[in-house]
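Q: Submitted below is the structure of interest, expressed as C-alpha cells.
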Amino acid sequence: MNAQGMQILNIVLLIGVCNADLKLLQVTFRHGDRTTVAESQVYYPNDPYINKTYWPEGYGGLINQGKDRAYRLGLFLKKNYGAWLGSVYADSLFYFRSSDISRTKMTAELVAAALFPPIDIQRWNQKLNWQPIPIWNVPLIQDILFLGQFLCEKVAILRKEIETSDPYLLKRQKELAGFFEYVSEHVGINVTQQTSYYIYMHLYSQYTMGYRMPEWTKDIFPFGQFEDVAGYDYVIQSYTKEMQKYNGGMYFLSKQIFVFILTSQYTGVWIREWLRNVDNYINGTATYRALFYSGHEINIAGILNSLNVFIPHVPEFASSVILELHKYGEEYFVRALHKNLDTAVELKIPGCNGIYCHLDTFRNLFADIILENPLESCRKM
Ligand SMILES: *[C@@H]1O[C@H](CO)[C@@H](O)[C@H](O)[C@H]1NC(C)=O
Ligand SMILES: *[C@@H]1O[C@H](CO)[C@@H](O)[C@H](O)[C@H]1NC(C)=O
Ligand SMILES: *[C@@H]1O[C@H](CO)[C@@H](O)[C@H](O)[C@H]1NC(C)=O
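According to mature numbering (1 follows the signal peptide of the UniProt record, and there is no 0), the sequence shown holds residues -20 to -1, 1 to 361 in order.
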C-alpha cells in the first residue's frame, strides 16, 4: 500500500476543531505541478519528450494545473483556519517566505491570493479581486532553510559514504539490482538509487502534464516499485536518523555519529525555524499569526523525517506540513498535520504523549538536531 493509502485509514476532520486555543501557525508547502527540470533530462537520454522546452513556462515552471492546485491549497487553509487568520492581510500578522525560484514564489503568491482577497478597505480595483502580498526570500546561496541539502556540499559526500558502507543499504542495493538494470536499459544510462529518484520525479512531471508514459513504465509507475525506490530516497537523505531508530543508536561507528548529527541537523533547520517563531510569539518579539513557507518536496520529506513520522513516499505537488501552537491555561502545545492530496492527517510524533505535544516535550525531543548557526556549520563541514 502506498503512503496515501495508509494515511486514508487515519483521516481526521480538522475543520474548525479547537481553533479557539490556536496561537500560531507555520505552514510549509511544496510548489504546484511543474514541467520537468532541465537537469533531470540529463539522466534520461531515451526520453521520448527530450526535445520539449515548454513554452511559456520553461523548465521547472509552474503549469496552470499547478497554479490551480496551489490556489486550492490556499482555499483549504482559509476554510480551516480562516477564523484564526481573519480576512485582512496585514504585514504585521502574516509572513510569506519562498525559496528563490520562480515556481515556489508563484505558488506562494497563489496561496496568498486565496487566503487574502482584498476586503473593502483594501479593495483598490473593482475588477480585480486580488491585492499584492509580499513574498520574502534569501538568495539561493544563503538559503540553508530550503536548500541545505545542496548548499552543504559535504552532505553529498556523506551520502556516498553511507551508501557504500552501510550494510543495510548495500543489501538493499543488491536486492534492487534487477530493478536498476531494467530501468537502466530503458532510460539509456546506468542508474543508481539517486538517479532513479530524479528520473521518477521527471516522469511524474510528464505524467501529471498528461503525457503518455512509455510502455516500460507500465508496471512500476506512477505507483509500484518505482515510487517505492524514489520515496525511499528521502530516508537516505536523512538516513542515519532512520538507522538510529532501527538500531537504538548503538549501530554507529564514530564517523557515522558525525554523519547522523550533520544530516539530521540539516532537516532540523525546520524545527529550529518553528521554535524560533514560537519563542518570538511567546516573548512578544513578533506579532505573527501565521507564517507560510513555499518550498520543495525535499522540505516536506525533511520535516516529516525530523519529526520521525516519515512514511516513504514522494510528497505530492502542493502537499504541506502544518505546525500549530495551542495554549491551554498557561501551557503550550504543538500539533502537527500533514496534507498530501485532499486529506490532512494529524501526526503522532514519537515521544509525545498525544497529538497535542507539550511544548517542553517537543523542545526536548528535537534539541539535538538544532544548530545555533546552521549556515556557518554547513560551511565548516
Ligand atoms: C530531438 O532533437 C534531435 C535534434 O534535432 C533529434 O536528432 C532527435 O531525434 C530528437 N529526439 C526526439 C525524441 O524527438
Ligand atoms: C553500464 O555499465 C556497464 C557495466 O559496467 C557498462 O558496460 C556500460 O558501458 C555502462 N553503460 C553506460 C551507458 O554507461
Ligand atoms: C525572543 O525569542 C527570540 C527567539 O528565540 C530571541 O531571539 C529573542 O532574543 C527573544 N527576545 C526576548 C525579548 O526575550
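Just so you know, even glycine gets a beta-carbon here, dropped at the ideal spot from N, CA and C. Because the structure is a prediction, the values reported are computed rather than measured.
Taking 7 Å as the cut-off, does the CB of Asn260 come closer than this to any heavy atom belonging to ligand 3?
A: Result yes, Cβ under 7 Å from ligand 3.
Q: Quick one: using the 10 Å Cβ neighbour count with 16 as the cut-off for buried, is Pro147 buried or exposed?
A: Exposed is the call here.
Q: Go ahead and pull the three-state DSSP assignment for Phe126.
A: Of the three classes helix, strand and coil, the one that applies to Phe126 here is helix, per DSSP.
Q: When we look at the beta-carbon of Ile349 and count the other beta-carbons within 10 Å, is it buried (16 or more) or exposed?
A: Buried, since its Cβ has 16 or more Cβ neighbours within 10 Å.
Q: If you compare alpha carbons, which of Leu4, Tyr29, Tyr23, Gly248 is closest to Gly190?
A: Looking at the Cα atoms, Tyr29 is the closest of the given residues.
Q: Helix, strand or coil, according to DSSP, for Phe342 in the structure here?
A: Reduced to three states, the DSSP call for Phe342 is helix.
Q: So for Tyr61, helix, strand or coil by DSSP?
A: Three-state DSSP puts Tyr61 in a helix.
Q: Using a Cβ-Cβ cutoff of less than 6 Å, which residues in the same chain neighbour Gln142 once the five nearest sequence positions on both sides are dropped?
A: According to the sequence as given, residue 142 is Ile; it is not Gln. Around Ile142: Tyr219.
Q: Can you tell me whether DSSP reads Glu207 as helix, strand or coil?
A: In this structure, Glu207 counts as helix in the three-state DSSP scheme.
Q: Would you call the region 39 to 56 and the region 78 to 97 in contact, with 3 or more CB pairs under 8 Å?
A: Segments in contact, yes.
Q: For Gly275, which residues does DSSP report across the bridge?
A: Paired residue(s): Arg10.
Q: Run the proximity test for Asn263: is its beta-carbon closer than 7 Å to any non-hydrogen atom belonging to ligand 3?
A: Asn263 Cβ: within cutoff of ligand 3.
Q: Between which two residues does the alpha helix (DSSP H) containing Tyr177 stretch?
A: It spans 173 to 188 - the alpha helix (DSSP H) in which Tyr177 sits, taken as one unbroken run.
Q: Quick one: residues in its chain with C-beta nearer than 6 Å to the C-beta of Val294, no 5 flanking neighbours on either side, listed in chain order?
A: So the list reads Ala210, Gly211, once near-sequence residues are dropped.
Q: Within a Cβ cutoff of 7 Å, which residues of the same chain sit near Gly94, ignoring the five residues on either side of it in sequence?
A: In the sequence as displayed, the identity of residue 94 is Ala instead of Gly. Same-chain partners within the cutoff: Tyr51, Gly54, Leu55, Lys58.
Q: Counting pairs of beta carbons, one from the region 177 to 197 and one from the region 109 to 123, are three or more of them closer than 8 Å?
A: Too few Cβ pairs lie closer than 8 Å, so no.
Q: Suppose contacts are defined by Cβ-Cβ distances below 8 Å. Is Ile329 in contact with Val301 by that definition?
A: Cβ atoms of Ile329 and Val301: not closer than 8 Å.
Q: Got a list of residues with beta-carbon closer than 6 Å to any non-hydrogen atom of ligand 1, in chain order?
A: The answer, residue by residue, is Pro28, Ile30, Asn31.
Q: Exposed or buried, what is Leu150 when buried is set at 16 or more other beta-carbons lying within 10 Å of its beta-carbon?
A: Exposed, by the Cβ-count rule.
Q: Specify, as a first and last residue, the run of the alpha helix (DSSP H) that residue 362 falls within.
A: Nothing can be reported for residue 362: it is not among the residues displayed for the chain, which extend from -20 to 361.
Q: Evaluate Lys85 with the Cβ neighbour count: other Cβ atoms within 10 Å of its Cβ, from every protein chain shown; 16 or more gives buried, anything less gives exposed.
A: Classification for Lys85: buried.
Q: Under the criterion of a Cβ to heavy atom distance below 7 Å, does Arg256 qualify as lining ligand 3?
A: Yes.
Q: Decide if the region 263 to 280 is in contact with the region 190 to 206; the criterion is three or more beta carbon pairs, one per stretch, under 8 Å apart.
A: Short answer: they don't touch.
Q: Which same chain residues, not among the five before or five after Gln205, have their C-beta less than 7 Å away from its C-beta?
A: These residues qualify, in order along the chain: Phe159.
Q: With distances taken from CA atoms, which of Asp80, Lys32, Gly12, Asn260 is nearest Gln21?
A: Considering only alpha carbons, the answer is Lys32.
Q: Do the region 9 to 27 and the region 35 to 43 make contact, defined as three or more Cβ pairs closer than 8 Å?
A: Yes: the two stretches touch, three or more of their Cβ pairs being nearer than 8 Å.
Q: Compare the Cα-Cα distances from Arg252 to each of Gly168, Leu355, Glu310 and report the closest residue.
A: It is Leu355 whose Cα lies nearest to the Cα of Arg252.
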